[in-house]
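For the sequence shown, UniProt numbering assigns the number 1 to the initial residue and increments by one for each residue that follows. Written below as C-alpha cells is the structure these notes are about.
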Amino acid sequence: MPRLMRVKTPRKPSPQDARNESREEPSMNAAHIHLLTVHVPVLGCPALAVLLLVGLWKRSDLLWNVGVIGVLAMTLVTVVAYFSGPLAYEQLSDGDYLPTDEVTRRIVTERIESHAAVARGVYFVFLLIPLMIFVQGIRVISGDPWPRWMKWAVPFLLVAATIGFTVVAHQGGVIRHPEILPSAAHP
1 MPRLMRVKTP RKPSPQDARN ESREEPSMNA AHIHLLTVHV PVLGCPALAV
51 LLLVGLWKRS DLLWNVGVIG VLAMTLVTVV AYFSGPLAYE QLSDGDYLPT
101 DEVTRRIVTE RIESHAAVAR GVYFVFLLIP LMIFVQGIRV ISGDPWPRWM
151 KWAVPFLLVA ATIGFTVVAH QGGVIRHPEI LPSAAHP
C-alpha cells in the first residue's frame, strides 16, 4: 500500500521570523572560557588554604582530605584557564577588538604579553603544590601518613599562590579595564 506523504504548505513569514533570523546564537569561545576559569584559582587558593588550616587546627582528616581533593580539582580548572589564555588573545587580536591606533595597540599588546609571562611563572610554581599532593597522596594510599611539614607547607604555599594569582588577575583586568591603572587616575 502506498505511503501518503504530508506536504507542508509554505506560510507567510512573520516579523518575528525576521527577528529570530537576525539574531546570532550565543556561543562560548576561548575568551569566555578563560574569563570564567581564571577566577577559580584566585578564589580557590585562599578558600582551600583556610579549609586545610581548619582541618589542621581541628585535627580533622576529613577536612584535610576534602581540601586536598579540592586542590587537585582546582588544578584541573587552572589548566583550562592557562591553556585558554593564548586562544583568548588570538580571538582578541583576530576579532579586531584591539585598539586601532598603533600606540594604544602596542601598549595593550605589551600588557597582554606581561600578563602571559607572569601567569606562566605563577602557574608553573603553583603546579608544584598539586604535584607534591599527588605524589604524597599515592604514598598515603599505600599506608604512609601525611608528613607534618607537608600539612603546614601546603596551606602556606596556597597563600603564596593566592598572592601570585592576584597579581596575574590584576594584570588581566588592566588589559580590558584601563581605568584601573594608576596613570588613568592621574592624567
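All C-beta atoms in this analysis are idealised placements derived from N, C-alpha and C, irrespective of residue type, glycine included.
### Message
residue 103 and residue 164 - do their beta-carbons sit closer together than 8 Å?
### Response
In the sequence shown, counting from the first residue as 1, residue 164 sits at position 164. In the sequence shown, counting from the first residue as 1, residue 103 sits at position 103. No.
### Message
What ranges does the alpha helix (DSSP H) occupy inside the region 108-159, keeping only unbroken runs of at least 4 residues that lie completely in it?
### Response
128-141
### Message
For the alpha helix (DSSP H) containing residue 97, name the first residue and the last one.
### Response
Against the sequence shown, residue 97 aligns to sequence position 97. That residue, residue 97, is in no alpha helix (DSSP H); it is neither H nor E in DSSP.
### Option nearest residue 168 by Cα separation, candidates 96, 111 and 150
Against the sequence shown, residue 168 aligns to sequence position 168. Out of 96, 111 and 150, 111 has the C-alpha closest to the C-alpha of residue 168.
### Task
Would you kindly work out how many angstroms separate the C-alpha atoms of residue 147 and residue 66, rounded to a whole number?
Indexing the sequence shown from 1 puts residue 147 at position 147. Indexing the sequence shown from 1 puts residue 66 at position 66. When rounded, the distance between both Cα atoms is 17 Å.
### Query
Which residues in the same chain as residue 79 place their Cβ atom closer than 8 Å to its Cβ, once the five residues preceding and following it in sequence are excluded?
As a working mapping, residue 79 is identified with position 79 in the sequence shown. Nothing listed; no residue qualifies.
### Query
By DSSP, does residue 184 sit in helix, in strand, or in coil?
Residue mapping note: residue 184 aligns to position 184 of the sequence shown, counting from 1. Reliability of the predicted coordinates at residue 184 is poor, the pLDDT of 48 falling under 50, and the value obtained from them is presented with this limitation in mind. Of the three classes helix, strand and coil, the one that applies to residue 184 here is helix, per DSSP.
### Message
Please return the same chain residues whose Cβ sits closer than 6 Å to the Cβ of residue 53, not counting the five positions on each side in sequence.
### Response
Counting from 1 along the sequence shown, the entry for residue 53 is found at position 53. Closer than 6 Å at Cβ, skipping near neighbours: 155.
### Query
Taking DSSP as the reference, what is the three-state secondary structure of residue 74?
Position 74 of the sequence shown, counting from 1, holds the residue named residue 74. Residue 74 falls in the helix class under three-state DSSP.
### Task
Kindly list the residues whose CB is nearer than 6 Å to the CB of residue 82, restricted to its own chain and excluding five residues on each side of it in sequence; keep chain order.
Your numbering for residue 82 matches position 82 in the sequence shown. So the list reads 123, once near-sequence residues are dropped.
### residue 173 versus residue 150 - alpha carbon distance
Working through the sequence shown from its first residue, we reach residue 173 at position 173. Working through the sequence shown from its first residue, we reach residue 150 at position 150. Using only the alpha carbons, I get a separation of about 33 Å.
#### Entry: Stretch pair the region 126-143 + the region 93-100: three plus CB contacts closer than 8 Å
no
#### Entry: Own chain partners of residue 92 with C-beta closer than 8 Å, once the 5 adjacent residues on each side are dropped
If you number the sequence shown from 1, residue 92 lands on position 92. Excluding sequence neighbours, residue 92 sits near 31, 98 and 112.
### Sequence-distant residues of its chain with Cβ nearer than 8 Å to residue 69 (five each side left out)
Indexing the sequence shown from 1 puts residue 69 at position 69. Counting only Cβ-Cβ distances below 8 Å, and skipping sequence neighbours, we find nothing.
### Task
Rank 60, 85 and 33 by C-alpha distance to the C-alpha of residue 119 and give the top, closest one.
Locating residue 119 in the sequence shown gives position 119, counting from the first residue. Residue 85 is the option with its Cα nearest to residue 119.
### Query
Anyone know if the C-beta pair for residue 28 and residue 48 falls short of 8 Å?
Here residue 28 corresponds to residue number 28 of the sequence shown, with the count starting at 1. Here residue 48 corresponds to residue number 48 of the sequence shown, with the count starting at 1. No, the pair does not count as a contact, with Cβ atoms beyond the cut-off.
### Query
Out of 116, 153 and 114, which has the shortest C-alpha to C-alpha gap to residue 133?
Position 133 of the sequence shown, counted from the first residue, corresponds to residue 133. Minimum Cα distance to residue 133 is reached at 153.
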